[in-house]
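To keep things clear, I will list the structure first and then write my remarks on it.
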Amino acid sequence: MVQITNDVLAHSRKDAEWWRTSVIYQIYPRSFADGNGDGMGDLQGVTQRLESLAELGVDAIWFSPFFTSPQKDAGYDVANYKDIDPLFGNLADFDALVAKAKTLGLRIIVDLVPNHSSDQHVWFQAALKAAPGSVERNRYIFRDGKGENGELPPNNWESVFGGAAWSRITEPDGSLGQWYLHIFDSTQPDFNWQNEEVRIEFDSVLRFWLDRGAAGFRIDVAHGMIKVDGLPDVVANNSTMSGQDSPDAIKTKETDEELIARLQVENPFWGQNGVHEINKRFRAILDEYDDRAMCGEAWVHPLSRMARWVRPGEYHQTFNFGYLETPWDKDKLHNVVTESLKEFGAVGAPSTWVLSNHDVIRHATRMAYDQIPKQGDGIGPKYEQPDEAKGLRRARAASAFMLGLPGGAYIYQGEELGLPEHTTLDNQFREDPTFFRTKGERVGRDGCRVPLPWEAGANESNGFSATGKSWLPQPSSYKRYARSEQEGAAGSTLELYKQLLKKRKAHDMGNGEFRWAPEFMDESTLAYINNGILVLSNFKGDPVVIPAGEILATTQHDLTIEGELEHDNTVWIRL
Ligand code: GLC
């Protein structure tokens, strides 16, 4: 009989719980690498460039959707959950990718979009052809309109992308008919998650990808699937991913219970209690497998509320949007880290840390501003243009601060190059539905989705594709940021990220013992110690003397242990 020692058990548990400490790299498939030269990124392009991610030192890759889709919301409008869109390749390409990733020690995470489908999904097409009240319509949220002839939407809900959250259909007999709910674009009808048939269908979608080797899921709109019965009006529309449930809407005197109860009434489609039942159902399926994980995209505040998504038996992780939304500000960062560790810790979950993704202004640009537009609105040519150097300097300091924290971290493709947002993109190229639904008033998220520059000057897309084509044009600055310019270049953002990830792993900081280090802080700095490594950031003003020790990583190019840390820089020191 084989003796299983405690050591072996501890080790296998650690491996099975890889998500507690992992650094996960987000690939936006349209924009990572184009393998066939059509200007659109694809799976073969990713597979060809996979070594670059192993070299960077990440543990897993989360892919934004690559499923069959008319691409009305860049793939977050799924027509077939069990196939790959020809734009990105096919299932064999996915299998090849997973196989190669395995040899490089990289896990592959798939994006699951359960809140809504594409209007081209067979179920929605069948619903359009069926009668009101039919089984087919009951998979989505169809209602009669208000007004004398049903000419008004059933309630006052607004789409996150602007305009009403309802569209009226033409019935098969040609008459104007019922309305259907779409919290996002009109091409993204919301599923009716009160219907068991929808739940069963998604059980099989999860198993499909898990059986194919996916390490887990990032789950889209994980706070939106349940709507309050009767679909009552919202108290105040605010069309963002968290509705009026924003940090500002939180009244300090309320208890958590009061706050959550109030927000659930005020916004009947975000963060309803019924969602937790779905979380558990997903989790039970993942638990049928040995080592899979799921991360929820739940835009809810405050963090104590978000922590409810990661209670035992629910999600493994959620994106820490409270952290993402925190500016480069010493006191605010201190608070959000303390609160995150406390709230997630209280339910036994690791905190995650994230600064950028495909829905927000890249942090290298965001941090150049004191105030930025609302999440999802983007920055266009008419907006005050950023101080690029200031943004980059702060972004590097912020990334180095983030990557030393214990828990899981997310990196959005291109941030390891220090890429800025494309803030001067010509409107003719825009694809984000937000731009169209608001008639250009909100430019939307295209500026953070621009294809990556690989080889400076190789062609018009700096090597993103062999032909130079790219579905969104790069700004001229991207040539400077190309990977080829940074590879091996001392002090480059790419080398900084590699060094941070290497040291993070070497000192097991993802799993580390964290404490604030007030003995190393003054009015312009923050400092913490994680597994014996001091992470020190200077936020403003004069340079500060750094303590004795070994410099493991630094955002300040010429820093020596006898030197001083300038503002908007971070250093890691082994004490
Ligand atoms: C999520 C995605 C975003 C998408 C939306 C609708 O927020 O991250 O890109 O537009 O859901 O699916």
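Position 150 of the sequence shown, counting from 1, maps to 1565 under the working numbering, and the rest follow consecutively. Cβ atoms here follow ideal geometry from the backbone N, Cα and C, with glycine treated the same way. Note that this is a predicted model, so its numbers are computed, not measured.
Look at VAL1620: its beta carbon is at least 7 angstroms from all of the heavy atoms in ligand 1. By the Cβ-count criterion, LEU1506 is exposed, with fewer than 16 other Cβ atoms from all chains shown falling within 10 Å of its own Cβ. Looking at the backbone, the Cα of ASN1953 and that of LEU1941 are separated by about 7 angstroms.
Scanning ILE1948, TRP1624 and VAL1636 for the CA closest to the CA of VAL1575 turns up VAL1636. Cβ contact annotation for GLU1754 (same chain, cutoff 7 angstroms, sequence separation greater than five): LEU1718, in chain order. Taking a contact as a CB-CB distance under 8 angstroms, the pair ILE1615 and GLY1689 does not count as one, their CB atoms being some 17 angstroms apart. Residue state for ASP1526 is assigned as strand, using DSSP reduced to three classes. PHE1632 has VAL1525 and MET1709 as its beta-bridge partners, per DSSP.
Taking 8 angstroms as the cut-off, the beta carbon of SER1657 is found no closer than this to the beta carbon of VAL1725.
Non-local beta-carbon contacts of ASN1946 in its own chain, meaning distances under 7 angstroms to residues more than five positions away in sequence, involve HIS1922, ASP1923, MET1924, GLY1927 and GLU1928 in chain order. Assigned with DSSP and collapsed to three states, HIS1731 falls in coil, not helix or strand. Restricted to the segment 1911-1981, not a single alpha helix (DSSP H) segment is unbroken, complete and at least 4 residues in length. Between PRO1604 and TYR1595, the gap from beta carbon to beta carbon is short of 8 angstroms. The segment 1690-1708 and the segment 1618-1633 touch, with no fewer than 3 CB-CB distances between them shorter than 8 angstroms. Collapsing the DSSP output to three states places SER1755 in a helix.
Rounded to whole angstroms, GLY1862 and GLN1790 show a C-alpha spacing of 13 angstroms. Of the candidates GLN1609, ARG1845 and PHE1632, GLN1609 places its Cα closest to the Cα of GLN1687.
In the three-state scheme derived from DSSP, where H, G and I count as helix and E and B as strand, HIS1716 is classed as coil.
Just measuring C-alpha positions, the residue of LEU1951, ALA1516 and PRO1835 sitting nearest THR1908 is PRO1835. Rounded to the nearest whole angstrom, the C-alpha separation of ASN1772 and VAL1473 is 16 angstroms. Counted as a single uninterrupted DSSP element, the beta strand (DSSP E) harbouring SER1582 occupies residues 1581-1585. Shortest Cα-Cα distance from ASP1847 to any of GLY1833, ARG1864, THR1839 and LEU1832 involves ARG1864. Sequence-distant Cβ neighbours of ALA1579 in its own chain, meaning closer than 7 angstroms and more than five residues away, are PRO1568 and GLU1573.
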